[in-house]
Structures are given as C-alpha cells and as structure tokens.
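Note sheet for the following structure.
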Amino acid sequence: MTDKSPFEQCAVQLRKKGLSVIPLRPQSKIPCLESWTDYSEKLPTKAELIEWMGRKDANIGLVTGKASQVIALDFDEDVEGLHSKVKSLLGSLKGQPKKKGARGFTVFFKYNGEA
Numbered sequence: 116m117t118d119k120s121p122f123e124q125c126a127v128q129l130r131k132k133g134l135s136v137i138p139l140r141p142q143s144k145i146p147c148l149e150s151w152t153d154y155s156e157k158l159p160t161k162a163e164l165i166e167w168m169g170r171k172d173a174n175i176g177l178v179t180g181k182a183s184q185v186i187a188l189d190f191d192e193d194v195e196g197l198h199s200k201v202k203s204l205l206g207s208l209k210g211q212p213k214k215k216g217a218r219g220f221t222v223f224f225k226y227n228g229e230a
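Per the numbering used here, the very first residue in the sequence shown carries number 116; after that it's consecutive.
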C-alpha cells in the first residue's frame, strides 16, 4: 500500500511519455483546476506538476487533444443497440486502448492533428 495519491504515483511518468495530465478531485473525474482546458493544447510544465504534487489525495486525469495526441470516443448510452454495433466495428482494432465505465465505454485513438 502506498501513501501517494494516484496523481503522485503516475503524473511524472505519463508527462515524460508526452501525455497531458492534471489533478482531479479525489475519487472523481472533476478537475482540481479552474482553468484546465488549456492543457488540451499544451503539456503541463515540470513546475506545475511539482505544485500539483501537493494535492495528497488527487486522482489523475488525461487531457485529450493536441497536447497528448490522443482523442477519445465515449459511448455512454446504448441507444438502439449502438454499443454492440460499435464494439463489433471496433473489434477489428486489436490492442486498441479501451476503458469500461458504469454506463458505457471509451475508446482511445492517436490524434494526428486532422480536424
């Protein structure tokens, strides 16, 4: 068992991999920062990460977009069997990162800068 928060455990390593991460409220998806959307365009600085390490119970959030070069498709509602149709379509994408949530799932893709 570690005394470090999820943010403290992972933030530096994820930032080194080029991912934009921010602290979230404990056991939540809500950002601790009032103005966090800038981090979809820029990576946090080392000084910002160090400052955020002071949040001893912070969760960690990945900010998708240009900075992280990651986009996510989030499927929360299963409208007319959409989940099974999408899962079937995405089934051919072996090794594609996915996250299962309480209401659906999220699939992550590399962002190549195209709009």
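Beta carbons: idealized from backbone N, C-alpha and C, even for Gly.
In this text, all values refer to a predicted model and were calculated from it rather than measured experimentally.
(message) Does LEU188 pass the burial test, meaning 16 or more other C-beta atoms within 10 Å, or should it be called exposed?
(response) Walking along the sequence shown from the start, residue 188 turns up at place 73. When all chains shown are included, LEU188 counts as exposed.
(message) Less than 7 Å between C-beta atoms, sequence neighbours within five positions excluded: which residues of the same chain meet that for LEU139?
(response) Residue 139 sits at position 24 when you count from the first residue of the sequence shown. Here the set comprises ILE145, PRO146, CYS147, ALA173, ASN174, ILE175 and GLY176.
(request) Kindly indicate which residue of ALA162, LYS161 and SER155 has the alpha-carbon position closest to the one of ALA182. (result) Sequence index remark: in the sequence shown, residue 182 carries index 67 (1-based). Comparing Cα positions, the closest option is SER155.
(message) Taking DSSP's pairing of strands, which residues face THR175 in a bridge?
(response) As a first step, residue 175 is located in the sequence shown; it is residue number 60 there, counting from the start. According to the sequence as given, residue 175 is Ile; it is not Thr. Note: ILE175 is bridge-paired with PRO138 in the DSSP secondary-structure output.
(request) Taking the CB atoms as reference points, tell me whether VAL185 and TYR226 lie closer together than 7 Å. (result) Within the sequence shown, numbered from 1, the residue matching residue 185 stands at position 70. Within the sequence shown, numbered from 1, the residue matching residue 226 stands at position 111. Yes, these two residues count as a Cβ contact at 7 Å.
(request) Identify which residue in VAL127, GLN142 and SER143 has its Cα closest to the Cα of VAL136. (result) As a working note, residue 136 is residue 21 in the sequence shown. Answer by Cα proximity: VAL127.
(request) Can you give me the start and stop residues for the beta strand (DSSP E) that LYS225 sits inside? (result) Mapped onto the sequence shown, residue 225 falls at position 110. Here the beta strand (DSSP E) through LYS225 covers 220-225.
(request) Just the C-alpha distance for GLN124 and LEU134, rounded to the nearest angstrom, thanks. (result) Taking the first residue of the sequence shown as position 1, residue 124 is located at position 9. Taking the first residue of the sequence shown as position 1, residue 134 is located at position 19. Distance between the alpha carbons of GLN124 and LEU134: 15 Å.
(request) Indicate whether PHE190 and GLY216 have their beta-carbon atoms separated by less than 7 Å. (result) If you number the sequence shown from 1, residue 190 lands on position 75. If you number the sequence shown from 1, residue 216 lands on position 101. Their beta carbons are not under 7 Å apart, which means PHE190 does not touch GLY216 by this criterion.
(message) Within the continuous beta strand (DSSP E) that includes ILE186, where are the two ends?
(response) By one-based count along the sequence shown, residue 186 stands at place 71. Residues 185-190.
(message) Could you compute how far the alpha carbon of TRP167 sits from the alpha carbon of LYS131?
(response) Counting from 1 along the sequence shown, the entry for residue 167 is found at position 52. Counting from 1 along the sequence shown, the entry for residue 131 is found at position 16. Spanning the two alpha carbons is a distance of roughly 16 Å.
(request) Quickly, what does DSSP pair LYS181 with across the bridge? List them, please. (result) Along the sequence shown, one-based indexing puts residue 181 at 66. In the DSSP output, where bridge partners are listed per residue, LYS181 has none listed.
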